[in-house]
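Just so it is clear: in the sequence shown, position 179 is 193 by full-length UniProt numbering, and no numbers are missing.
Take a look at the structure set out below.
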Amino acid sequence: AYTAEPFLPGGRAGLPGLREAAAGCRGCPLHRDATQTVFGAGAAHARVLLLGEQPGDQEDRQGRPFVGPAGKVLTRALDEAGIDPDDTYVTNAVKHFKFEIVPERGKRRIHKAPNVRETAACKPWLDAELRVVDPEIIVVLGATAGKALLGSSFRVTKQRGMLLPLEGRGESVVATIHPSAVLRADNREAAYQGLVSDLRMVARALG
Ligand code: URA
Ligand code: SF4
């Protein structure tokens, strides 16, 4: 099976050590076509860890999570919900950009959802980030992040906007839609307001 496990540093590495080791990860085939590993970023002991799916085109080029269009939506929604960005750590279930090039659509790299083998392979990095950051609340953005953290029975439509316990750990989980889903929605404003309202529930839980 694919796994990042052999690439993890030993001992109790902090975020810089993890980031450096992840840069050399070859735990699954996704490292081959992507530009670089996009490790999580943000406050080392953030109260809120936001979990996306995988880096997109911009993130792959710049090496940082949520710097593209979805990131703009997320930043605005966090602000509107009253969550301090300095209190957040942002990362993805999968650390390399998965894409395909569809010749009819030009040279653009089209995002492709990671499969369970890839999310499972990459999970040791997320577990290490959770151990170091030790957030109070994990916000899962969309179905891929939810399934990576909570298992394949996770359904964002059923479980969004409520505090869910995370088995075996102290943190709570709040699920919401992925900010990219806001950009794709027929009714963008309604989708965006849904995201903000789920994040407000996170802000309330933080107190
Ligand atoms: N979408 C994600 O899930 N993560 C990113 O970092 C950017 C877009
Ligand atoms: Fe390693 Fe994750 Fe990249 Fe796969 S996607 S090579 S497991 S960092």
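Don't be surprised by glycine CBs; every beta carbon is placed ideally from N, CA and C.
Problem set entry | First and last residue of the uninterrupted beta strand (DSSP E) at V153 | One-based indexing of the sequence shown puts residue 153 at position 139. Residues I151 to L155.
For this session: Could you name the residues that DSSP lists as bridge partners for T190?
Result: For the purposes of this step, residue 190 is taken as residue 176 along the sequence shown, with counting starting at 1. Answer is L155, bridged to T190.
Problem set entry | Whole-Å CB distance - C42 paired with A135, under 8 Å assumed | The residue you call residue 42 lines up with position 28 of the sequence shown. The residue you call residue 135 lines up with position 121 of the sequence shown. Yes, C42 and A135 are in contact; Cβ-Cβ is about 4 Å, under 8 Å.
Exercise. Does the ligand URA have even one heavy atom less than 8 Å from the beta-carbon of E132?
Worked result: Stepping through the sequence shown from its first residue, residue 132 is reached at position 118. No, the beta carbon of E132 sits no closer than 8 Å to any heavy atom of the ligand URA.
For this session: Would you kindly report the start and end of the unbroken beta strand (DSSP E) that includes V62?
Result: Indexing the sequence shown from 1 puts residue 62 at position 48. V62 to G66 is the span of the beta strand (DSSP E), which, as asked, contains V62.
Problem set entry | Host beta strand (DSSP E) of R123 (start-end) | Counted from its first residue, the sequence shown places residue 123 at position 109. Taken as a continuous stretch (DSSP letters only), the beta strand (DSSP E) holding R123 covers R123 to H125.
For this session: To the nearest angstrom, report how far apart R46 and P193 are at their CA atoms.
Result: Numbered from its first residue, the sequence shown carries residue 46 at position 32. Numbered from its first residue, the sequence shown carries residue 193 at position 179. Their Cα atoms are separated by approximately 27 Å.
For this session: Can you check DSSP and say which residues form a bridge with P179?
Result: Here residue 179 refers to the residue found at position 165 when the sequence shown is read from its first residue. BP columns for P179 point to S186.
Exercise. From the DSSP output, which residues share a beta bridge with N106?
Worked result: In the sequence shown, the residue the question calls residue 106 occupies position 92. N106 is bridged to G66.
For this session: With hydrogens ignored, establish whether the beta-carbon of A48 is closer than 8 Å to any heavy atom of the ligand SF4.
Result: The residue labelled residue 48 in the question sits at position 34 within the sequence shown. Correct: A48 has its Cβ closer than 8 Å to the ligand SF4.
Exercise. How would you label A107, buried or exposed, when you count the other beta carbons within 10 angstroms and need 16 or more for buried?
Worked result: Your numbering for residue 107 matches position 93 in the sequence shown. Buried.
For this session: Pull up the distance between the alpha-carbon of F80 and that of W139, whole angstroms please.
Result: Indexing the sequence shown from 1 puts residue 80 at position 66. Indexing the sequence shown from 1 puts residue 139 at position 125. So the two alpha carbons sit approximately 17 Å from each other.
Problem set entry | Member of R122, V153, V146 and Q50 whose CA lies at the smallest distance from the CA of R26 | For the purposes of this step, residue 26 is taken as the residue at position 12 of the sequence shown. Measuring from the Cα of R26, the nearest candidate turns out to be V146.
For this session: Can you say whether I124 is buried or exposed, counting buried as having 16 or more other CB atoms within 10 angstroms of its CB?
Result: Working through the sequence shown from its first residue, we reach residue 124 at position 110. Its Cβ having fewer than 16 others within 10 Å, I124 is exposed.
Exercise. Taking all protein chains shown into account, do 16 or more other C-beta atoms lie within 10 angstroms of the C-beta of G70, making it buried, or fewer, making it exposed?
Worked result: Here residue 70 is taken as the residue at index 56 of the sequence shown, counted from 1. Burial call: buried.
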